[in-house]
Amino acid sequence: MESLTELHLVDCDLHTLPDSLSQLTHLHTLYVSRNKLGTLPEVIPKMESLTVLRLLGCDLHTLPDSLSQLTHLHTLYVSLIS
Numbered sequence: 080m081e082s083l084t085e086l087h088l089v090d091c092d093l094h095t096l097p098d099s100l101s102q103l104t105h106l107h108t109l110y111v112s113r114n115k116l117g118t119l120p121e122v123i124p125k126m127e128s129l130t131v132l133r134l135l136g137c138d139l140h141t142l143p144d145s146l147s148q149l150t151h152l153h154t155l156y157v158s159l160i161s
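Residue numbers 80 to 161, in the working numbering, belong to the letters of the sequence shown in order.
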């Protein structure tokens, strides 16, 4: 499972993500759209190999500065609630 490169967790009624996702060191693409996250899960900035992150419809109000730790991220899809 550590060699997984793409993960789709769309419409899963998630409120957070497990810290164990940071063990997926080869994960480049993460889709977690249409979940009830509310805030960016702490594990996401730890996922240093991410290049694509999709956070549409996750009830997010802001994005934390820690997102800048994703130095390989080149595509970010996000919708914020104002």
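Glycine residues also receive a C-beta, built at the ideal position from the N, C-alpha and C atoms.
query, result
"Whose CA, out of Lys115, His105, Asp92, lies closest to the CA of Met126?", "His105"
"Under DSSP, the beta strand (DSSP E) around Thr108 begins and ends at which residues?", "108 to 110"
"How should Ser159 be labelled, buried or exposed, when 16 other C-beta atoms within 10 angstroms of its C-beta is the threshold for buried?", "Looking at the sequence provided, one finds Leu at residue 159 rather than Ser. Classification of Leu159: exposed, given that the 10 Å Cβ count is below 16."
"Below 6 Å CB to CB, which residues in the same chain sit around Thr154 once its five sequence neighbours on both sides are set aside?", "Val131"
"Please report the residue range of the beta strand (DSSP E) in which His87 lies.", "85 to 87"
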